[in-house]
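S.K.:
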Amino acid sequence: MKEGHYLCLQGTFVEATNHQFNLMDGKLQDAQLRSLGFYEDDPWHFTLGVYFDLEPEELIDWVQEVVEDTEAITLRFNHIGLFPGTAFIEPAFSWPLRILFDRLHEKFDDRHGVYLETAKQYGMFVPHVSLIFSYEELGDAVDVLVEHFQPFYGKMSELLICERVKRGDKSFPVGPIAKIELKNA
Numbered sequence: 279m280k281e282g283h284y285l286c287l288q289g290t291f292v293e294a295t296n297h298q299f300n301l302m303d304g305k306l307q308d309a310q311l312r313s314l315g316f317y318e319d320d321p322w323h324f325t326l327g328v329y330f331d332l333e334p335e336e337l338i339d340w341v342q343e344v345v346e347d348t349e350a351i352t353l354r355f356n357h358i359g360l361f362p363g364t365a366f367i368e369p370a371f372s373w374p375l376r377i378l379f380d381r382l383h384e385k386f387d388d389r390h391g392v393y394l395e396t397a398k399q400y401g402m403f404v405p406h407v408s409l410i411f412s413y414e415e416l417g418d419a420v421d422v423l424v425e426h427f428q429p430f431y432g433k434m435s436e437l438l439i440c441e442r443v444k445r446g447d448k449s450f451p452v453g454p455i456a457k458i459e460l461k462n463a
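Numbering (the working numbering), first residue to last: 279 to 463.
(1) I think K433 touches A350, with their Cβ atoms under 8 Å apart; what is that distance to the nearest whole Å?
(2) D320 and S313: beta carbons closer than 7 Å?
(3) Using a Cβ-Cβ distance under 7 Å, would L437 count as near chain D?
(4) Let me know the secondary structure DSSP gives H383 once reduced to three states.
(5) Mind reading off the beta-carbon distance from L287 to L353? Whole number of angstroms is fine, and I expect it under 8 Å.
(6) Which residues in the same chain have their Cβ closer than 8 Å to the Cβ of D418, if we skip the five residues on either side of it in sequence?
(7) Give me the residue from K305, F299, G282 and V341 with the minimum Cα distance to E466.
(8) Could you pull the DSSP bridge partners for T364 from this structure?
(9) Evaluate I367 with the Cβ neighbour count: other Cβ atoms within 10 Å of its Cβ, from every protein chain shown; 16 or more gives buried, anything less gives exposed.
(10) DSSP three-state label for T290, please.
Put into C-alpha cells, the structure is as follows:
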C-alpha cells in the first residue's frame with residue numbers, strides 16, 4: 279500500500295435503497311448545498327472498518343470467511359443524525375448488522391485496523407450514511423432533511439473493499455478491490 283493509502287471496508291446497498299439516498303441528495307443539491315452525491319467508485323455506504331498496512335488479500339479472505347453464510351440485511355432507515363460538520367441518515371438498531379460488525383472486527387484491529395473514529399469517540403458503532411460534510415452548510419442541510427426525509431426500508435447487499443487515500447482532512451476513493459455479495463441480495 280502506498281503512503282497515505284488504506285483499505286476501507288464498506289457495506290453497500292441494493293439499487294432501491296440507493297434510490298432513496300439519491301432522492302435526499304437531490305433535495306440537498308436543489309438547495310445549492312454541497313452534498314456528497316453518489317459516485318461509481320464511492321457508492322452510498324456504511325464504513326465498517328479502516329485498515330492500514332494490511333495486504334488486500336488478507337482482508338478479502340477474512341471478510342469472505344465471516345460473511346460466508348450471512349444474508350443481506352434489511353434495515354429501517356428511520357432518522358437523520360449529526361456529527362460535528364456531518365449530516366447523515368441512520369437506521370434503527372439491527373442485531374444482524376451489529377453481529378456482522380463485531381465479527382468483522384475480531385481480527386486485524388489490534389495490528390492494522392482503526393476501530394471507527396465514531397465508535398471510539400461515541401463509545402459505540404454508529405452505522406450511518408453521510409450526506410454532507412460541511413460545517414458552514416450543516417444548518418441549511420438539516421432544514422432540508424427535516425422537511426423532506428421520510429423513513430424507509432433498505433437492504434445492505436454486499437461488502438466492498440476499496441482503496442482510499444487521505445489528503446489533508448479529506449479521504450478520496452482510489453478504486454474498488456473486491457465486492458463480496460451477501461446471500462439473498
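Note that CB positions come from ideal geometry on N, CA and C, so glycine has one too.
M.R.: The answer reads as follows:
(1) Their Cβ separation, rounded to whole angstroms, is 5 Å, which keeps K433 and A350 in contact under 8 Å.
(2) no
(3) Absent from the structure is chain D; it holds one protein chain and no more.
(4) Of the three classes helix, strand and coil, the one that applies to H383 here is coil, per DSSP.
(5) Not quite, the Cβ-Cβ distance comes to about 17 Å (not below 8 Å), so this is no contact.
(6) A309 and L311
(7) The chain is shown from 279 up to 463; residue 466 falls before or after that span and cannot be answered.
(8) F361 and F411
(9) buried
(10) strand
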